[in-house]
Amino acid sequence: MKIFYFFTFFLFTIVGFSQEYVGQYTKRNIAKNGELFEFSLTLNDDNSYTIEIHRNLNQCNSVDEFFRGKGKWQKENKKIRFFPDLSNEKNEIDLSGATARFDSKNKKVLVFFNLISSWDLSVGMQKID
Numbered sequence: 002m003k004i005f006y007f008f009t010f011f012l013f014t015i016v017g018f019s020q021e022y023v024g025q026y027t028k029r030n031i032a033k034n035g036e037l038f039e040f041s042l043t044l045n046d047d048n049s050y051t052i053e054i055h056r057n058l059n060q061c062n063s064v065d066e067f068f069r070g071k072g073k074w075q076k077e078n079k080k081i082r083f084f085p086d087l088s089n090e091k092n093e094i095d096l097s098g099a100t101a102r103f104d105s106k107n108k109k110v111l112v113f114f115n116l117i118s119s120w121d122l123s124v125g126m127q128k129i130d
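In our numbering, the protein residues as written are 2 to 130.
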């Protein structure tokens with residue numbers, strides 16, 4: 002019986018600590034040249050994620066650009082790792098090797114590390130849930 006309680010406690014502990022990351026995160030950035038970037042990341046409780054980036058070049062003859070990515074995420078210590086489902090689409094976001102953690106001063110801001118792409122996510126995304 003003690004083993005049953007131990008495993009039940011262990012399972013709820015793992016699920017509970019992973020739940021702190023579940024939710025929607027956003028970031029909006031306006032560059033000096035007027036370019037607008039809107040980032041949206043959703044971490045689901047089934048350990049899947051979707052990320053979308055909207056880019057507006059703010060020029061009269063430009064077209065808005067949309068980039069998307071999806072995959073699985075996994076909690077490791079106090080960080081999460083991303084494992085993308087790549088399909089080689091033109092505007093696909095590759096988070097291979099990327100990790101993220103909460104900012105030490107603001108637990109609602111998710112900060113990315115080891116990001117291979119050129120997207121400026123290192124300053125963090127604000128949790129809105």
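Glycine residues also receive a C-beta, built at the ideal position from the N, C-alpha and C atoms.
What you are looking at is a predicted structure, and each value in this text was computed from that prediction instead of being measured.
Practice problem: Could you say which of ASN115, LEU37 and LYS128 lies nearest to LYS1 if we only look at CA atoms? | Solution: Nothing about residue 1 can be reported from this structure: the residues present for the chain run from 2 to 130 only.
Quiz item: ALA32: buried (16+ other C-beta within 10 angstroms of its C-beta) or exposed?
Solution: exposed
Quiz item: Out of ARG69, SER88, ASN89 and GLY98, which has the shortest C-alpha to C-alpha gap to ARG143?
Solution: The structure shown does not extend to residue 143, since the chain spans only 2 to 130, so no value can be given for it.
Quiz item: Buried or exposed: LYS91, going by 16 or more other Cβ atoms within 10 Å of its Cβ?
Solution: exposed
Practice problem: Rounded to whole angstroms, what's the CA-CA distance from GLN20 to ASN78? Just pull it up for me. | Solution: 14 Å
Exercise. Using the Cα positions of LEU111 and VAL23, report the straight-line distance between them to the nearest angstrom.
Key: 11 Å
Quiz item: Who does LYS128 pair with in a DSSP beta bridge?
Solution: LYS128 has TYR26 as its beta-bridge partners, per DSSP.
Exercise. Starting from the N-terminal side, write out each stretch of the alpha helix (DSSP H) that is 4 residues or longer and does not extend beyond the stretch 34-96.
Key: none
Exercise. Check each candidate in LEU96, ASN89 and GLY125 and name the one with the smallest Cα separation from LYS106.
Key: GLY125
Practice problem: Quick one: measure Cβ to Cβ for THR27 and PHE40, integer angstroms, because I've assumed they're closer than 8 Å. | Solution: 6 Å
Quiz item: Around the C-beta of PHE114, are 16 or more other C-beta atoms found within 10 angstroms, so that it is buried, or is it exposed?
Solution: exposed
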